[in-house]
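Note that the working numbering numbers the sequence shown so that position 164 is 665, with each residue one more than the last. Note that beta-carbon positions come from the ideal geometry of N, C-alpha and C, so glycine has one too. Notes follow the structure.
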Amino acid sequence: KVDIVGATASPAELSQLISACQRFNYCIYRMARPDAGDKRFVAQTGLSLGLSRLDGNLCSDEDNISSIKASDSGRQGGYIPYTDKKLSWHTDGYYNELSRTIRAMVLHCVRPAQSGGENLLLDHEMAYIQLRDENPRFIEAFAQLDALTIPPNIEKGVEIRGAQSGAVFSFDPVSASLHMRFSARTRNIAWKNDNLTNDALACMNQLLSVNNPYISTYRMRAGEGIIANNVLHNRTAFIDAQPQEHRRLLYRARYYDRVKCSPVREK
502 KVDIVGATAS
512 PAELSQLISA
522 CQRFNYCIYR
532 MARPDAGDKR
542 FVAQTGLSLG
552 LSRLDGNLCS
562 DEDNISSIKA
572 SDSGRQGGYI
582 PYTDKKLSWH
592 TDGYYNELSR
602 TIRAMVLHCV
612 RPAQSGGENL
622 LLDHEMAYIQ
632 LRDENPRFIE
642 AFAQLDALTI
652 PPNIEKGVEI
662 RGAQSGAVFS
672 FDPVSASLHM
682 RFSARTRNIA
692 WKNDNLTNDA
702 LACMNQLLSV
712 NNPYISTYRM
722 RAGEGIIANN
732 VLHNRTAFID
742 AQPQEHRRLL
752 YRARYYDRVK
762 CSPVREK
């Protein structure tokens, strides 16, 4: 965990964040001044870590940063992240086209839920190693370009996103880093129907059980956040506080970039 003392992260604190992401592909930070944790902080922290290309999506705000809170109505209410329900294991943007691959994210907690809302995290590189150790051919199955297909997204009879097929595991052509595209959901998802892919998926789901020693669990408090190279993660269900202004609120920024590798120099 990296402590951020001021309203913005110092060069030394940024270097700690980068170092943690290099080792584990994610890190947790804690602000000494939670009230300073607004969208400007999220955007500036991202820029300082080499994250500049924000992904706008159907439910993001005008600045392309999403305000994640439970909603009973509107477009947001139709998507699980914007409810108080359990969110299954996934990597962000698994339904995006290749040109909009999500490589990193910042998830900042403005207000936690009254109870619940924990995040579980697993470095996707560790999942790759564990899967390969079980059977190297599982990697072969998950590298198929038609391993995982997300059907079209249709709202009120209008197709707003076409079907997206692709591999689970791939390597970035620029950085050569491992990328994972995955969702453990069972609805609105189509896996390639062959024995090897089915066995690989069964093994993957087993690795995502609570018995995996490489899975971390964390419940963010106000002013805390997670920076990640789009690792596997989920969220438990939660109970919101009353009244409205005390309910759970997170800011989520998703990027086409990875966290940079070079240290930050002191000025």
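Item, Value
"Backbone CA spacing between D634 and H747 [nearest angstrom]", "46 Å"
"Completely contained alpha helix (DSSP H) runs for the stretch 554-599, where each covers 4 or more residues", "none"
"For Y580 and Y516, the rounded distance between their alpha carbons", "Here residue 516 turns out to be Ser, not Tyr, going by the sequence shown. Whole-angstrom Cα-Cα distance: 35 Å."
"Cutoff 6 Å; reference G663; Cβ partners in own chain excluding five residues on either side", "P653"
"Same chain, Cβ closer than 8 Å to G658, five either side skipped, listed in chain order", "none"
"Closer than 8 Å to chain D by CB, G618", "As a matter of chain content, chain D is missing from the structure shown, which is built from one protein chain."
"Minimum length 4: unbroken alpha helix (DSSP H) runs contained in the stretch 619-697", "625-635, 637-643"
"beta-carbon R601 near the ligand GDP non-hydrogen atom, thresh 7 Å", "With respect to small molecules bound, the structure shown includes none, and the ligand GDP cannot be examined in it."
"Alpha helix (DSSP H) segment containing T546, residue limits", "540-549"
"Distance between beta carbons of G667 and L646, contact taken as under 8 Å", "6 Å"
"Through-space distance from K502 to D673, alpha-carbon basis", "27 Å"
"Cβ shell of G551 (< 7 Å), same chain only, five flanking positions each side left out", "D758, V760, K761"
"Any beta strand (DSSP E) of 3 or more consecutive residues that is wholly inside the stretch 721-757", "725-729, 733-736, 750-756"
"Per DSSP, cross-strand counterpart(s) of D504", "R531"
"Length of the line joining the Cα atoms of G557 and V543", "15 Å"
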